[in-house]
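A.B. asks:
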Amino acid sequence: MRAAIRQERLVPAAALLLVVVAFVLTPLGTGSPLTTFDVYNALQGFAQIGLLALAVGLTMIAGEFDLSVVGTYAVGGMIAVQAGQSSAVLGLLVAVAVGAAVGAVQGALIAWLRVPSVPVTLAAYIALLGLAYAISGGLSVTFTNRDATLWVDQTVAGVFSPRSLLTLAAFVLVAVVLGGTRLGAELRAIGGDRRASRVAGVRVERKLVLLFTTSGTLAALGGALLSFSFASANPDPGLRPLLIAAVAALLGGASLAGGRGTATGLLAGALSVALLAQIVAVAYLPDYSTQLFYAALLAVVVAIDSPGLRRALERVRARTRPVEA
Amino acid sequence: MSGPLVVVDALARSFAGVPAVREVSFTVGAGEIHALCGHNGAGKSTVVRMLSGQLAPDAGRIVLDGEAADLRSRQVAQRLGVALVDQELSVVPALTVLENMTLGDIDAPLVTRRRAAVRRCRELLDEMGLDRLRPGQLVATLSMGERQLVEIAKALSQRARVVILDEPTATLSEAESRRVFAAVRRVAARGCAVIFVSHRLPEVLELCDTVTVLRDGRRVVTAPAADLTVDRLIVHMLGETPHRLETSRRPDPDLTHALRIEHLRVPGRLADFTLTARAGRIYALAGQLGSGASDVLRALAGLHARATGSVQLRDRAVAFRSPVGAARAGIAFVSNDRKGEGLFLDKPVAGNLVATRLDRLGRGPLVAAGRERRTARSLAELAGLPPDRLADPVLTLSGGNQQKVFVGRSLGRPDVHVLLLDEPTRGVDIGGRAAIHRLLRDAAEAGLVVVFASTELEELLELGDVILTMRDGRVVDTYPGGADGAVLMRDMTEGKDAA
Chain G
1 MRAAIRQERL
11 VPAAALLLVV
21 VAFVLTPLGT
31 GSPLTTFDVY
41 NALQGFAQIG
51 LLALAVGLTM
61 IAGEFDLSVV
71 GTYAVGGMIA
81 VQAGQSSAVL
91 GLLVAVAVGA
101 AVGAVQGALI
111 AWLRVPSVPV
121 TLAAYIALLG
131 LAYAISGGLS
141 VTFTNRDATL
151 WVDQTVAGVF
161 SPRSLLTLAA
171 FVLVAVVLGG
181 TRLGAELRAI
191 GGDRRASRVA
201 GVRVERKLVL
211 LFTTSGTLAA
221 LGGALLSFSF
231 ASANPDPGLR
241 PLLIAAVAAL
251 LGGASLAGGR
261 GTATGLLAGA
271 LSVALLAQIV
281 AVAYLPDYST
291 QLFYAALLAV
301 VVAIDSPGLR
311 RALERVRART
321 RPVEA
Chain Y
1 MSGPLVVVDA
11 LARSFAGVPA
21 VREVSFTVGA
31 GEIHALCGHN
41 GAGKSTVVRM
51 LSGQLAPDAG
61 RIVLDGEAAD
71 LRSRQVAQRL
81 GVALVDQELS
91 VVPALTVLEN
101 MTLGDIDAPL
111 VTRRRAAVRR
121 CRELLDEMGL
131 DRLRPGQLVA
141 TLSMGERQLV
151 EIAKALSQRA
161 RVVILDEPTA
171 TLSEAESRRV
181 FAAVRRVAAR
191 GCAVIFVSHR
201 LPEVLELCDT
211 VTVLRDGRRV
221 VTAPAADLTV
231 DRLIVHMLGE
241 TPHRLETSRR
251 PDPDLTHALR
261 IEHLRVPGRL
271 ADFTLTARAG
281 RIYALAGQLG
291 SGASDVLRAL
301 AGLHARATGS
311 VQLRDRAVAF
321 RSPVGAARAG
331 IAFVSNDRKG
341 EGLFLDKPVA
351 GNLVATRLDR
361 LGRGPLVAAG
371 RERRTARSLA
381 ELAGLPPDRL
391 ADPVLTLSGG
401 NQQKVFVGRS
411 LGRPDVHVLL
421 LDEPTRGVDI
431 GGRAAIHRLL
441 RDAAEAGLVV
451 VFASTELEEL
461 LELGDVILTM
471 RDGRVVDTYP
481 GGADGAVLMR
491 DMTEGKDAA
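If you read the protein sequences in the order shown, they are chains G and Y.
When the first sequence is numbered by the UniProt record's numbering, its final residue is 325 and no position is left out of the sequence of numbers.
When the second sequence is numbered by the UniProt record's numbering, its final residue is 499 and no position is left out of the sequence of numbers.
(1) Tell whether a beta-carbon distance below 8 Å holds between Ile62(Y) and Leu55(Y).
(2) Rounded to whole angstroms, what's the CA-CA distance from Asp231(Y) to Gly268(Y)? Just pull it up for me.
(3) Just to confirm the assignment: which complete alpha helix (DSSP H) runs, minimum length 4, are found wholly within the stretch 147–195 of chain G?
(4) For chain G, check one thing: does any of its Cβ atoms lie closer than 8 Å to the Cβ of Ser90(Y)?
(5) Leaving out five residues on either side along the sequence, give the residues of the same chain with a beta carbon under 8 Å from the beta carbon of Gly308(G).
(6) Per DSSP, Ser90(Y) forms a beta bridge with which residues?
(7) List the residues of chain Y that Gly308(G) touches, going by C-beta distances under 8 Å, in chain order.
(8) Using the Cα positions of Gly158(G) and Val39(G), report the straight-line distance between them to the nearest angstrom.
(9) Can you give the Cα-Cα distance for Gly129(Y) and Ala183(Y), rounded to whole angstroms?
(10) In whole angstroms, what separates the C-alpha of Leu267(G) from that of Ala94(Y)?
(11) With C-beta atoms as the reference, is Leu11(Y) less than 8 Å away from Val18(Y)?
(12) Could you compute how far the alpha carbon of Met470(Y) sits from the alpha carbon of Gly482(Y)?
(13) Tell me, please, whether the CB atom of Asp287(G) is closer than 8 Å to any CB atom in chain Y?
(14) By a C-beta neighbour count over all protein chains shown, 10 Å radius and 16 as the cutoff for buried, is Tyr294(G) buried or exposed?
(15) Using beta-carbon positions only, say whether Ala231(G) and Ala95(G) come within less than 8 Å of one another.
(16) May I have the straight-line CA-CA distance separating Thr320(G) from Ala319(Y), to the nearest angstrom?
(17) If you draw a straight line from the C-alpha of Thr59(G) to the C-alpha of Pro119(G), how long is it?
(18) So the beta strand (DSSP E) Thr210(Y) belongs to, where does it begin and stop?
(19) Can you tell me which of the three DSSP states Glu262(Y) falls into?
(20) So what does DSSP say about Gly238(G), is it helix, strand or coil?
(21) Tell me which residues share the same chain as Ala332(Y) and place their Cβ nearer than 6 Å to its Cβ, disregarding the 5 neighbours each side in the sequence.
(22) Can at least three beta-carbon pairs, one atom from the stretch 25–41 of chain Y and one from the stretch 211–225 of chain Y, be found at a separation below 8 Å?
(23) Where in the stretch 26–61 of chain G do unbroken runs of the alpha helix (DSSP H), each at least 4 residues long, occur, reported from the N-terminal end onward?
(24) For Val92(Y), tell me which candidate among Leu300(Y), Met144(Y), Thr276(Y) has the shortest Cα-Cα distance.
(25) What is the residue span of the alpha helix (DSSP H) that His236(Y) lies within?
(26) To the nearest angstrom, how far is it from the Cα of Gly364(Y) to the Cα of Leu259(Y)?
(27) Are the C-beta atoms of Thr181(G) and some chain Y residue less than 8 Å apart?
(28) Taking Pro212(G) as the reference, which of Leu54(G), Phe23(G), Thr35(G) has the closest Cα?
(29) To the nearest angstrom, how far is it from the Cα of Leu345(Y) to the Cα of Asn336(Y)?
(30) Near Gly193(G), what residues of its chain come up, given a Cβ to Cβ distance below 8 Å and the 5 sequence neighbours on each side ignored?
(31) Between the stretch 5–22 of chain G and the stretch 127–136 of chain G, are three or more C-beta pairs nearer than 8 Å?
(32) Along the beta strand (DSSP E) that carries Thr478(Y), what are the first and last residues, could you check?
(33) For Gly137(G), count neighbouring C-beta atoms within 10 Å of its own C-beta (all shown protein chains included) and say buried if the count is 16 or more, exposed if not.
(34) Specify whether the stretch 41–51 of chain G and the stretch 274–282 of chain G touch according to this definition: at least 3 beta carbon pairs, one from each stretch, less than 8 Å apart.
(35) Which of the three DSSP states, helix, strand or coil, is assigned to Val194(Y)?
(36) Strictly by DSSP, which residues pair up with Val28(Y)?
Shown next, in the form of C-alpha cells:
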C-alpha cells in the first residue's frame, strides 16, 4: 500500500530525471554544446502539448478519460484564427468559451445520464472534427494577425515565450486548486472512491461537469495558442497530440484507475515528453526514434505501476518470510 | 430541551415489493446513546440509510428537534446536523488523513486554511488515540482499523446533533473499540443523540442507554439497556427457533474424499484454521464481519495470495494461492459479491450457467451451440430456474434467482468436489432462500463437500451439519447441527472468555 504514495511522485520524478540527464548529456553525442535556444525550443514543445496533457491528466485523476480534448484542440485553434483576425484576445476568448461549453455539455451528459466518459467523449471528438471541417471547409486557415504570431513566440528571459509561460501558469493554477482547495480534494476523492465520496457528501455530479468544462477550456486554449504560433489552423491535427498527451499524463503519475496524480507530476510528465522530442531534434536522430523513445519510457513506467509486479513481490515475500498472523 | 431530539415515526420502506422496514418507530433524546439491534436483514441498515439521507422512506416521517425533516440527500441531512459513520468504509485511500477529515463537510472553507486545519485534525486524532498518525499521511498507508477510527473521528468532528454509527467496531480490536466508546460517550455528553448499530451485544449493553430490537423489518422491543441481558436480547432477535433441513445421508467415511485443511493462515485476517471436511456434509462457518469466516473460503478459493498452510483434496495438494489452481483441484466458490466476483450480470442466464465449463461443451477451441443449449437447460432445471428465462440477462432476475444461477454454475460437474459459499442467501427473499438451501442440501447428498460462511443464525442452524463459530480470525468452538442458537450467537459476539 505504501507503494501508492511513492508511485505518485516517483514515476514523474524518475521520468523527468532520466530525460534531463539524457538532455544534458546530448553534447557528448553531438559534439556541440547545448544553447539556451535548445531549452527555449524544448519549452515551446512543452507549450504545444502541455495544456492537452493537463486536460487529459486532470480527467484521469478524477477517474474519467476525456478523448474529446484533441477535437476541442482543433476547433479551438480554428475558432481562434477565424474570430481573432483583428483582435487576437477576442479570438482567444471565443475559442475558450466554446471549449468550456463543449466540455460542460459532455460533463452534464456523463454526470446525469451516468454514462461512461469514453463513448461520450469519443462521439464528441468525432463531432468536433466534423465541426472543424465545416468551419474551415476542410482546408487550413491562415492567420493574418502577424503581431499576435510574433508576440506569442517572442523570447522572454532567454528560454521562455508568452506561450510557454501561459502554459506554465495553467499548471500552477491547477496545482493550487488540486492541492489547496476543497474542490481539489473532492476531485481526487471522486477519482479514488466514488461511492465513499458520495457517502461523505461530495456532490459528484457537479464536480464532473466542472471537470469536463475545465478540460474543454484547457484544450481550446492550447489549440488557440498553437494556431497563433503557426499562423494557421489545421482542421485535423490527427490523433498524435492526444496520444502524446496521454503518455505525458501517465508519465506524470496519473493512473487510469483514478485518484492518483498531482499537477506537479503532470508538469514533470509534459516536460519529459517535450525534452525527449528536443533531444531527438538536437542529436539529429531520425524522427521516428521519438516514438520509440516514448514507447520505451512508457513501458518502464507501466511496469513500475503494474499490480502484477506488486503481487509477485508480495508472493515472494510471503514465501521467504513465514508471516505470523 | 423539550421532547426527544429524534423521533422516528412509523417509517416504512420496501425494495422491489419486498418490505425491508415496516412501521418502525422509536425516539432518541439529547445525550442518549440508542442501540439498534437485529439480525442481518432485520432492517437496521435500511433505517440508518433513511435517517442519513441516502434513501427516501415509502411512508412515515423523521422528526428532528420538533420539526419534520425531509432528508433528501446526504447534504441536507448534514445541514440538519446528522453525521454518519457508514457500515462500509467511506474514507478515500487516495487522499490524506486531513483531506478525508474535511471531505464533504459543508462547513469546510473553499480554500484550505492549512495551519488551522492541521491543528484541528491533530486534536481529533489525539482524542481518538491515533497520535502515531500524521495529518498529511495518505489513508492508503493506514490499517483497516485505523481507517475506521479516522472515519469515526471525522463524523464526531462535524458539528452534528445526531450521530449515527453503523457497525463502527466490526473491524476493530478490543483496544481500538474502547477508544471509540470513549469518544461516543464524549459526544453524547455534549448533548448529541447517538444511534449505534452493532452485532456485538455485550458492547451494546455496556455503551448504550436504550436498545431497540428489530426483526423482519418490525420493531420487536425498545427497552433500557439496564433491563436487558445478552440472552434476553438474543431471544428478542431470534424469535422462534428455525426449522432444520435434516440430512438422510451418513458422512462419507472415505477420508480421501474429504477436504483436509491444516493451519490455513492469512496474515492480518485469519490466525489459524484446521478442518477435515467430509464429503456429504455441510459445514457452516459462523462469524460476523472480520471474524475470518469468509477469509477461510476466500483463501481456499485462491483469492488470498498471501495465505499459507496446507490443503489436501483427493490425496493431492491444492495449489490454493491462485483461483486457477483452486478451480483445477475441484473447488468451486460462490462469492458474497455476485456483482463483482460472480455473474456476468448483463449476459443471458444460459451463458452464465455454462460459463465455467466451456471446455467441456465442444472440441478444441470451438463451443458446440447445441450442447451448450442442452447443458444450460438441464442446469436450469437442476437449479430450479424458470426455463423460459434462459435468454434473459441475469440482471433482470430477482436476487434469489440470480443466486440460483451462481450456485447452478457449479453443479452437475464431475470435476467439482468442493462447493464453497460466502453468504449464500444474501439479498435473497424467503422463497428463494428455501430453494437455495434445498440445492445445497442436494449437492451434499450427491457427495460434495459443502462449506459456507454466514452471519445469519437461521441459516447456520437450518443448513449446518457441523457448525464452527469464529471470532477474531480463530475458531471459537465446533458444534454438531441443531446446536443452541443462543450459544452460537454468544460465541460469535463475545468469544469464549467472556462467557
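Note that beta-carbon positions come from the ideal geometry of N, C-alpha and C, so glycine has one too.
C.D. replies: Quick answer:
(1) No; because the gap between Cβ atoms is not below 8 Å, this pair is not in contact.
(2) It is roughly 31 Å from the alpha-carbon of Asp231(Y) to the alpha-carbon of Gly268(Y).
(3) For the stretch 147–195 of chain G, whole alpha helix (DSSP H) runs of length 4 or above, ordered along the chain, are 162–180, 182–192.
(4) Yes, Ser90(Y) counts as interfacial toward chain G.
(5) Excluding residues within five positions, none has a Cβ falling inside 8 Å.
(6) When DSSP reads this structure, Ser90(Y) sits in no beta bridge, so it has no partner.
(7) Within chain Y, no C-beta atom comes nearer than 8 Å to that of Gly308(G); the closest sits roughly 11 Å away.
(8) About 9 Å.
(9) Each residue's Cα considered, the two are about 10 Å apart.
(10) So the two alpha carbons sit approximately 20 Å from each other.
(11) Against a cut-off of 8 Å, the Cβ pair of Val18(Y) and Leu11(Y) comes out as no contact.
(12) Note on geometry: alpha-carbon atoms of Met470(Y) and Gly482(Y) lie some 17 Å from one another.
(13) Contact of Asp287(G) with chain Y is not assigned, every C-beta pair being separated by 8 Å or more.
(14) Taking all protein chains shown into account, Tyr294(G) has 16 or more neighbouring C-beta atoms within 10 Å of its C-beta and is therefore buried.
(15) Their beta carbons are not under 8 Å apart, which means Ala231(G) does not touch Ala95(G) by this criterion.
(16) Looking at the two C-alpha atoms, the distance is approximately 17 Å.
(17) Straight-line Cα distance between these residues: approximately 15 Å.
(18) Where Thr210(Y) is concerned, the enclosing beta strand (DSSP E) stretches over 210–215.
(19) Strand at Glu262(Y).
(20) Three-state DSSP puts Gly238(G) in coil, outside helix and strand.
(21) If you ignore the 5 residues before and after Ala332(Y), its C-beta comes within less than 6 Å of the C-beta of Ser410, Val416, Leu419, all in its own chain and listed in chain order.
(22) Yes, the stretch 25–41 of chain Y is in contact with the stretch 211–225 of chain Y.
(23) Counting only runs of 4 or more, we get 36–61.
(24) Of Leu300(Y), Met144(Y), Thr276(Y), the smallest CA-CA separation from Val92(Y) is found for Met144(Y).
(25) Under the DSSP assignment, His236(Y) falls in the alpha helix (DSSP H) whose first and last residues are 230–238.
(26) Roughly 31 Å separates the two Cα atoms.
(27) Using beta-carbon distances, Thr181(G) counts as an interface residue toward chain Y, with a partner under 8 Å.
(28) According to the sequence provided, residue 212(G) is Phe. The question's Pro does not apply to it. Residue nearest to Phe212(G) within the set Leu54(G), Phe23(G), Thr35(G) is Leu54(G) (criterion: CA-CA distance).
(29) One C-alpha to the other measures close to 15 Å.
(30) It should be noted that the sequence gives Asp, not Gly, for residue 193(G). Take Asp193(G), set aside five residues on each side of it, and the residues of its chain with a beta-carbon closer than 8 Å to its own are Gly259, in chain order.
(31) No, because fewer than three Cβ pairs between the stretch 5–22 of chain G and the stretch 127–136 of chain G fall closer than 8 Å, the two stretches do not touch.
(32) Segment 474–480, the beta strand (DSSP E) holding Thr478(Y).
(33) Here Gly137(G) is exposed: its Cβ has fewer than 16 other Cβ atoms, across all protein chains shown, within 10 Å.
(34) The stretch 41–51 of chain G vs the stretch 274–282 of chain G: in contact.
(35) Three-state DSSP puts Val194(Y) in a strand.
(36) In the DSSP output, where bridge partners are listed per residue, Val28(Y) has Val6(Y).
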